[in-house]
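Working notes, structure below.
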Amino acid sequence: MEPICLGNSQRHSGEKLHLLDPGRPALPGRLRKAVDAVSIEYEPLPPVHTMEESERQSTIIWGTDNAFKSYLIEKGDVDTVWKEAAHIVEGEYFTGAQEQLYIENNGVIAAFDPENGVTVWGSLQCPYYVHKALMALCGLPEDKIRVVQMETGGAFGGKEEYPSMIAGHAALLSIKSRRPVKIVYDRMEDMVATTKRHPSRTCHRTAVSKDGQILGGEIEFTIDGGAYATLSSVVLSRGTIHAGGPYYWPSVRIRAKAVATNTPPHGAFRGFGAPQSLFAMERHMDLIAQVVGISPVEVRRRNFLKPGQTTTTEQTIREDLDLDHLLDRALELSDYAAKKARFAEENRNGMRKKGMGIAAFLHGAGFTGSGERYLNSLVGVEAGADGGVRVLVSSAEFGQGTNTVLCQIAAEALALPYEGVAIARPDTTVVPNSGPTVASRTAMIVGTLVQSAAKGIKQTLMKTGLLGDDYTPEQFRASCGEFIRTHGALKSYARYEAPGDVYWDDEKYRGEAYAAFAWAVYVAEVSVDLTTYAVTVDDFVALQEVGKVLHPVLAEGQITGGVAQAIGFALYEKVVWQNGRMINNQMTNYIMPSSADLPPIRVFFEQLGNVHGAHGAKGIGELPMDGPAPAIVNAVEDAIGVRFRSIPLLPEDLFEALQPEPPKQQGPSSTRGTT
Amino acid sequence: MNPSPGTGAKCQLLFTVNGEARKVLAHPMERLLDVLRNDLALSGTKEGCGEGECGSCSVLLDGMLVNSCLVPVAQATGATIVTIEGMSAHALMIPLQEAFLACGGAQCGICTPGMILAAAHLLEKTPEPAPADIREGLAGNLCRCTGYQQIFEAVAMAARRKVRK
Amino acid sequence: MRADPAEFRLVSPGDLQVVLSLLASEPTEWLPIAGGTDLMVLYSAGKLPNRKLVNIWNIPELRQIEVFPDTIRIGAACTYTALRGHDVVSREFPLLAAAASWTGGIANQNRGTLGGNIANASPAADSLPALLVYDADVTLISVRGNRRLVYRDFHQGYKQTALAADELIRDISLPRRFSGYVSHARKVGARNAQAISKVCLAALGIIANGTIRDVRLALGSVAPIPLRLNETERSLTGKKIEPSLIGAVRQSVVGEIRPIDDIRSTARYRAAVAANLVVEFLEKLAAERTRA
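Encoded structure:
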């Protein structure tokens with residue numbers, strides 16, 4: 101956990117040293133004078149700004165070796181595969197930091213009074229995370245802290261942990277001053293100080309048969325955690341488990357670590373480690389194809405996981421998975437073969453080169469292994485005397501459709517019209533802890549509990565003879581009224597129960613990593629403009645198997661939005677660092693795609709069901725983040741034959757790669773090189 | 003006739019907001035955005051960036067779409083301003099609302115007020131916009147949730163419904 | 615919002631002579647503000663050094679567009695929207711209309727002004743290269759009277775202009791003699807909309823009997839000021855467009871510009887793309903010749 105406020109050392113540029121209360125009225129001028137009046141003496145210590153510097157360990161800034169966490173996954177017998185291999189394929193891949201860039205910045209209001217304790221209203225994802233943090237920070241008991249999630253203008257993981265920081269600041273100020281305190285970051289502050297996606301480096305060394313089958317390999321996955329551990333071990337975990345992609349690895353050794361640097365801690369961002377390691381895997385597959393002399397399509401076919409086979413953590417694929425079919429369908433929808441042929445012809449002339457690229461991937465929904473058991477989520481549903489139903493969860497709505505989907509599920513479970521179901525604002529004095537709104541777990545895990553709790557209402561009424569097996573909404577209303585007159589409130593709770601057949605070994609990092617995986621094949625069509633070196637995505641096909649589509653419009657929206665964000669991750673969004681500080685911390689200079697930059701994003705679903713999810717649903721919120729970047733960079737290589745290994749891939753990087761002579765001095769765009 | 007006495011002190015400003023005559027006491031260099039939100043309690047207009055990049059602070063100022071974070075309130079004296087709250091009276095509002103709902107044009111909703119205003123502004127000038135017109139008309143409004151597609155579909159649908167009427 | 619509004623004065627006389635008197639009374643003290651699309655960004659970031667501003671958004675003389683037989687006169691406070699919507703501007707000065715359409719989104723085009731773009735004097739400003747190739751004149755006014763300046767002489771260094779401390783830009787005049795030219799404008803930014811330019815080209819040319827009769831090239835974002843490529847133009851005038859010319863032109867362009875590395879891009883990239891844009895224009899010019 102990152103400290104809320106500092107004592108005598110500062111590990112990154114966004115750290116808060118003092119909390120200042122400007123008094124009343126809170127004029128900006130007065131606050132500025134207060135800030136200017138503070139003088140701090142610094143004793144500079146040698147900083148560590150990159151993963152490589154951190155690994156060198158010439159300066160130790162954390163523990164004994166600068167590492168927050170490491171994992172080791174071993175399957176089969178890797179050391180024996182090299183001698184059988186027809187090819188040994190090596191590659192190194194890099195992804196940069198990415199800012200969530202929710203359009204509403206982080207902000208909270210806190211109030212304290214001795215009788216009720218602390219109340220915080222905030223733009224946040226996890227009210228109970230904030231609640232827990234405030235109990236520790238303020239030294240107050242559970243019932244003297246109240247956290248309320250307000251309308252939240254986007255989050256994407258960027259409001260998973262940081263709100264606890266601001267809430268802590270506001271709460272402390274409020275306790276000290278005995279007045280309500282509002283802290284809302286402006287855009288520059290939010291970009292500079294809050295969490296971003298972990299930068300990564302993945303090294304692959306793969307033993308491949310002459311037919312292009314993976315015999316085994318070693319994967320080294322490293323992420324930059326920033327100055328404090330925070331969520332790095334969990335991001336590392338997900339990235340590690342996804343590092344092998346949707347492929348069968350007879351043997352593999354995956355070594356993963358999160359290292360410390362003197363930058364603001366990195367944190368959760370949609371995908372949470374998987375976009376990083378899957379970028380590497382999908383770029384590497386195209387490299388393997390080249391080395392072996394087969395197509396990117398064929399190399400994937402020859403390695404796809406099949407039912408009955410095991411993943412890198414030895415989880416058996418039990419569902420009716422057919423990745424071949426997904427690939428076929430994606431190729432057809434994108435007109436892949438015809439376009440490849442046409443582009444090969446057209447690319448001979450002109451300043452515009454076109455290419456097609458594929459990415460196949462998976463995304464595990466919910467917390468890893470025993471995570472859900474640890475969360476021990478509790479969900480409530482209550483009915484009023486007027487028959488109105490209210491869902492009680494701590495799951496936050498921030499655009500993904502939580503409110504709609506959970507109400508749909510409750511309505512369906514109770515055979516009531518959707519309009520008859522409401523959902524309570526997540527207020528820790530009103531709703532139980534159904535866990536954080538992360539990890540694509542809401543529809544799948546919390547939805548299942550909502551279903552159970554809703555059925556519980558029905559069962560209670562039936563048991564008391566007030567409701568038959570079949571009933572109309574009017575009958576439901578009447579029986580609620582009757583029940584409440586007699587018994588008082590009508591509430592039903594459901595608690596998470598771990599499925600009996602999900603086993604996970606936390607030490608060996610082996611077993612059933614996730615209750616369900618969603619599967620996808622994405623295809624990107626790009627143009628490279630050799631006048632400006634700009635890459636444009638002209639068309640995009642996103643095909644995914646998601647268990648069950650609970651709400652077609654919302655599901656499609658999740659995919660298009662996620663693909664847009666991932667196009668930003670691939671081609672536009674670069675964090676420019678200088679001495680451990682983000683210097684392009686304005687929307688003018690941190691470039692997210694505008695509507696003029698995005699292609700038509702064509703979304704398609706398949707539904708295999710999921711025994712562990714409400715109505716067979718799997719999580720989908722993060723999935724679309726994993727595929728676009730490698731598909732795009734694969735397409736760029738198809739277009740111009742340059743093997744880029746690093747994102748974001750900017751026009752300046754393309755330009756440098758296409759020059760006959762190398763640059764005289766390194767420019768600000770960090771080209772990690774090619775080939 | 004302008005009310006600014008030329009000191010840093012607050013001055014009285016009169017304008018019409020959402021059809022009502024309103025009077026505020028404000029420093030001339032306060033941002034119109036802040037006056038709308040804080041003095042007039044019209045919090046539907048949002049601050050996303052403070053640099054005129056994201057468009058979530060869009061309002062109509064004398065019929066023109068502007069970023070209210072870039073307008074000193076004194077320049078708005080005597081003007082007619084429409085914010086998202088005032089859109090309920092606008093002829094395009096119902097077609098836009100219905101279309102946004104049907105197409106999934108709003109996810110978290112923070113960009114939505116600006117998008118609605120930009121869409122209304124576009125459709126007033128171009129009642130039957132081509133896809134490129136919609137893209138251009140809304141290019142100054144950033145959305146992080148939707149990838150824009152469903153918003154554009156919504157605007158196109160609203161245009162069709164309005165024209166049909 | 616990092617500025618304290620209480621520290622700032624904004625006066626709004628609504629009368630041009632009163633504004634000019636104010637500027638004359640305390641030169642360098644009063645900063646004119648029109649649409650605010652540049653100044654308010656600085657202000658919000660707490661980076662506006664001036665504390666006294668005078669509103670020129672509401673001065674009618676600055677908002678006219680007057681069309682004469684040989685020239686068009688554009689008031690300094692004309693917005694990009696007004697430019698785009700003006701018949702003569704869009705027909706006869708497409709480079710200016712194009713630049714106006716690139717600047718921000720519709721909301722910023724409704725407030726941003728041509729005079730503001732000039733006075734702010736960012737080398738990345740979108741409309742300035744167009745004004746250079748269209749042989750613009752600027753009229754500067756003060757209590758001391760009017761003076762007319764060839765726009766080519768207006769920018770003297772990075773953010774340094776010929777504007778005296780008590781002067782305002784009154785209008786920009788463009789001669790109406792470019793209808794017969796082939797025109798080409800291209801802006802290269804970090805994305806396709808709402809972007810500050812990394813390189814920006816405004817180009818005009820006339821080809822007759824296969825020979826370049828007149829060629830005008832101006833680039834933004836490759837020097838401390840918007841740059842007219844005088845050397846390259848001289849080397850092209852009177853020549854036939856052939857492959858050997860293209861190679862020489864690249865070198866000439868790169869030789870004339872002084873791009874830098876900054877937060878948005880690199881000098882090498884800017885140089886290469888600038889040359890590519892000029893070559894792209896010449897190929898367009900050559901194609902016109904073939905068509906004619």
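Protein chains in written order, with the working numbering: chain A, 101 to 775; chain B, 3 to 167; chain C, 615 to 906. Every residue, glycine too, gets a C-beta built ideally from N, C-alpha and C. Keep in mind the model is a prediction, meaning the values are calculated, not measured.
Approximately 12 Å separates the beta-carbon atoms of A:M381 and A:V399; this is outside 8 Å, ruling out the contact. In the DSSP assignment, A:Y193 forms a beta bridge with A:T302.
Near chain A, meaning a CB-to-CB distance below 9 Å, the residues of the region 132-158 of chain B are I136, R137, E138, L140, A141, G142, N143, L144, C145, R146, C147, T148, G149, Y150, Q151, Q152, I153, F154.
Interface annotation for the region 30-49 of chain B against chain C: P30, M31, E32, R33, L35, D36, E49, criterion Cβ-Cβ distance under 9 Å. In the three-state scheme derived from DSSP, where H, G and I count as helix and E and B as strand, A:R473 is classed as helix.
Sorting A:I323, A:R525, A:R452 by C-alpha distance to the C-alpha of A:V247 places A:R525 at the top. For the C-beta of A:G129, the chain C residues within less than 8 Å are, from N- to C-terminus, D618, A620, E621. Contact of C:G660 with chain B by beta-carbon distance below 8 Å is absent, the smallest such distance being about 11 Å. Out of A:D486, A:L336, A:L708, the CA that lies nearest to the CA of A:L172 is found in A:L336. Considered as a whole, the region 95-158 of chain B harbours 95-105, 114-127, 133-139 as its complete alpha helix (DSSP H) runs of no fewer than 4 residues, in chain order. The straight-line gap separating the alpha-carbon atoms of B:T82 and A:D121 is approximately 38 Å.
With fewer than 16 other Cβ atoms inside 10 Å of its own Cβ, A:K406 counts as exposed. Under DSSP, A:G176 forms no beta bridge with any residue. For B:M117, no CB of chain C lies under 9 Å from its own CB, so it is not counted at the interface with that chain.
Following the DSSP letters along the chain, one finds A:M562 inside the alpha helix (DSSP H) bounded by residues 547-563.
In this structure A:A186 is in contact with A:S309, their Cβ atoms being roughly 6 Å apart against a cut-off of 8 Å. Selection A:L506, A:L423, A:F256 evaluated against A:I523 yields A:L506 as nearest (Cα-Cα). Across the structure, A:A539 and A:S746 are spaced so that their CA atoms are roughly 25 Å apart.
Listed in chain order, the beta strand (DSSP E) elements of length 3 or more contained wholly in the region 642-709 of chain A are 701-706.
Annotation for A:G668: M692, P693 place their beta carbon closer than 6 Å to its own, counting only its chain and skipping 5 residues before and after. Closest in alpha carbon position to C:L624, among C:K666, C:C692, C:S879, is C:K666. The beta carbons of C:L763 and C:D751 sit about 7 Å from each other, so the pair counts as a contact at 8 Å. Around A:A210, the same chain offers V220, A270, A271, S274, V281 as residues with beta carbons nearer than 6 Å, after the five sequence neighbours per side are excluded. Closer than 9 Å to the CB of B:G57 there is at least one CB belonging to chain C. Neighbours of A:V675 across chain B, judged by C-beta separation under 7 Å, do not exist; the nearest C-beta is about 16 Å away. Proximity of chain A to B:E53 at the Cβ level (cut-off 8 Å) is accounted for by R287, Q686, M687, T688, in chain order. Inclusion of B:L119 and B:V84 in the CB contact set at 9 Å is warranted, their separation being smaller than that value. Non-local C-beta neighbours of C:H769 in its own chain, meaning closer than 7 Å and more than five positions away in sequence, comprise A735, T775, I839, P840, ordered along the chain. Check the Cα spacing between A:R702 and each of A:V623, A:G713, A:A696: the tightest is with A:V623. Against chain A, a Cβ distance below 7 Å from C:A735 picks out nothing, because the smallest value is about 18 Å. Close to B:A76, with beta-carbon spacing below 7 Å, are these residues of chain C in chain order: L624, S626, N669. As DSSP reads the structure, A:F461 sits in a beta bridge with A:A620. A direct Cα-Cα distance of roughly 38 Å separates B:G88 from A:K674. Contact annotation for A:G581 against chain B: no contact, minimum CB-CB distance about 32 Å [criterion: below 8 Å]. Between the C-alpha atoms of B:P97 and B:R162 there is a straight-line separation of about 9 Å.
Short of 7 Å from the beta carbon of A:P346, and not among the five residues preceding or following it, lie these beta carbons of its own chain, in chain order: F404, L405, L423, A460, F461, L462, W619.
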